[in-house]
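Going left to right, the sequence shown walks through residues 8 to 510 as the working numbering numbers them. Ideal placement from N, C-alpha and C gives every residue a C-beta, glycine not left out. Right, one structure below, let's go through it.
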Amino acid sequence: MARYITTPIYYVNDRPHIGHAYTSVAADAMARWWRLAGEEVFFLTGTDEHGQKVERAARDAGEEPQAFTDRMSRAFRDLTVTMGLSNSAFIRTTEPRHRAACQALWKALAEAGHIYLGHYEGWYAVRDEAFYSEEELTERDGVKYAPTGAPVAWVKEPSYFFRLSAFRDKLLDFYEKHPDFILPETRRNEVIAFVKGDLRDLSISRTSFAWGVPVPGDPGHVMYVWLDALTNYISALGYPDDPQGLWRFWPADLHMVGKDILRFHAIYWPAFLMGAGLAPPRRIFAHGWWTNEGQKISKSLGNVIDPVALVEEFGLDPVRYFLLREVPFGQDGDFSRKALINRLNGELADSLGNLANRSLSLIQRNCDGRLPAPAEPIEAGFCAQLAALPAEVAQLMDRQAFDQALAAIFAAIREGNGFITRQAPWALKKTDPARMAAVLRQLHDALRLFATLLSPFMPGSMARLLDQLGVPEGERDLAALARPLPEGLPLPPPAPLFRKIEA
Ligand code: MSP
């Protein structure tokens, strides 16, 4: 089956931080999981380069917007490498193909009668690139703020509007028919409440600045940056034509987003698509936000976490693991060095690393470095847990419950450590070599299972573990687990997978 998954496209006003890395790694784990399950995956990420916020950042940097965005976009492209992303493409909203797609979508909406010209008068937060109603604001020291904490300013200008209010019932009907369209469920309820409230028509063009996609037939207007940005999900597939045969990936299976940008994805985006006669995406997952050692992360507090520095210090896979294991996916969480070090030392190095090292060293020493033959199960309970694991993990991954999937795998790894201690294969060499071989074979099979299931989360280190386990390159997906490796397979000498960190 064809699967399509996206990250948000990131604003290039600033350098990448932990929030960007988080959304991207979550999407990457999902993309890799689907590939592991044999699906054909298109995984998109990229940069959001138009609008007032980026224009101002360019001006502050003393650069032309295009030169500025070229430079800043590169940092996000580099981040895909730093974080080990397996994205199929990288889209920039300043690309001609994207501009053409935006204008085509606009024309489709206009032809269907969903756009009209009027005047916008109201509050706008450049930081969020969002309009707010008076009731949503709070005032401090004479400045009004959006619920996100962004300051707002009064805007009054001619504007095109999208008849969002006309989509109210269609949207509610869509949410009703697709109960898993918005996850987690608490967020779904918020969105439904918002749509049931006073859903007003949406201002979709601006005239007070020029850094954007010109409105077809009225170039004094540039498109509202969110209409422009959301369109990336289809412009990357070649909309409105299908030059590369990618349209078969639409509708997207999953737009991975942070909770702050759910409204745009779960309300505006499906309404635009419905208006243009296109299918809405299948799911929007809104993840939570990180704090840093208990504090809100912000530039003014100077506590922004640089993902590149983090990966340099701890290694990529421990960071990926921590981000997806530490916090129930969908909830807010706190980043702390202590918590990261605990997970790295306790779970990766001690639990998984030691199990692999002990088992593989015993095979090396006691079996001439060759894989023992498959044997009758030694402990029925442990075997049953292993047999049930892939389906359990698959079910959790279907709902993006990454933390629970990892918890289930690590529960089995802990059992594996219990198994090796109970069976003490090192003591069986003289007394019962056949049983020793059977125990070691069972451990090898378990490690292969763990490494395979963990590979979407920690691709690099699990590839190394699979190398050490002698699993051929083409035998590393879920289906391959059903094909036992041959007896006598030579195994390379084991090497430690994770380096412990002194706290
Ligand atoms: N450009 C828009 C998205 C357009 S998609 C059509 C945008 N960009 S962004 O650069 O601000 O990046 C947003 C992503 O980073 C969001 O998913 C957001 O939730 C995430 N995060 C930003 N700070 C975060 C934390 N402190 N914690 C977790 N994620 C956070 O919005």
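Check: 8 Å Cβ shell around Ile-427 - same chain, five flanking residues per side excluded; Outcome: Leu-362, Arg-365, Ser-366, Val-446 and Leu-450
Check: Residues of its chain near His-272, where Cβ-Cβ distance is below 6 Å and the 5 sequence neighbours each way are ignored; Outcome: His-262, Val-264 and Ile-291
Check: Closest Cα partner of Pro-384 within the set Ala-444, Asp-225, Thr-14 and Ser-343; Outcome: Ala-444
Check: Contact test: His-57 Cβ vs the ligand MSP heavy atom, cutoff 6 Å; Outcome: no
Check: C-alpha distance - Ser-468 paired with Asp-324, whole-angstrom precision; Outcome: 7 Å
Check: Ala-108 beta carbon less than 7 Å from that of Ser-212; Outcome: no
Check: Beta-carbon proximity list for Gly-245, same chain, < 7 Å, skipping 5 on both sides; Outcome: Gln-251, Leu-253 and Trp-254
Check: Residue closest to Ala-380, alpha-carbon to alpha-carbon, out of Ala-502, Asp-187, Leu-492 and Lys-60; Outcome: Leu-492
Check: Beta carbon of Gln-407 nearer than 7 Å to that of Phe-336; Outcome: yes
Check: Heavy atom of the ligand MSP within 6 Å of Asp-439 beta-carbon; Outcome: no
Check: Contact test: Ala-236 Cβ vs the ligand MSP heavy atom, cutoff 6 Å; Outcome: yes
Check: Nearest to Leu-237 (by Cα), restricted to the options Trp-276, Pro-258 and Gly-204; Outcome: Trp-276
Check: Proximity to Tyr-139 [Cα-Cα], best of Asp-205, Tyr-167 and Arg-147; Outcome: Asp-205
Check: Inter-stretch contact at 8 Å, needing at least 3 Cβ pairs: the stretch 217–230 / the stretch 52–70; Outcome: yes
Check: Sequence-distant residues of the same chain with beta carbon closer than 6 Å to Val-133, five excluded per side; Outcome: Gln-59 and Lys-60
Check: Where Thr-2 falls: helix, strand or coil (DSSP); Outcome: With the chain covering only 8 through 510, there is no way to say anything about residue 2.
Check: Closer than 6 Å: Thr-101 CB and nearest the ligand MSP heavy atom; Outcome: no
Check: Cβ pair Phe-505, Ala-356 closer than 7 Å; Outcome: yes
Check: Close beta carbons around Glu-62, own chain, < 7 Å, minus the five adjacent residues each side; Outcome: Pro-72, Phe-216 and Trp-218
Check: Whole-angstrom distance between Arg-195 and Ala-414, CA atom to CA atom; Outcome: 25 Å
Check: Touching by the beta-carbon criterion (3+ pairs, under 8 Å), the stretch 416–435 and the stretch 480–491; Outcome: no
Check: Under 7 Å between C-beta atoms of Leu-403 and Gln-411; Outcome: yes
Check: Contact test: Trp-296 Cβ vs the ligand MSP heavy atom, cutoff 6 Å; Outcome: yes
Check: Every unbroken alpha helix (DSSP H) inside the stretch 288–347 [4 residues or more]; Outcome: 314–321 and 323–332
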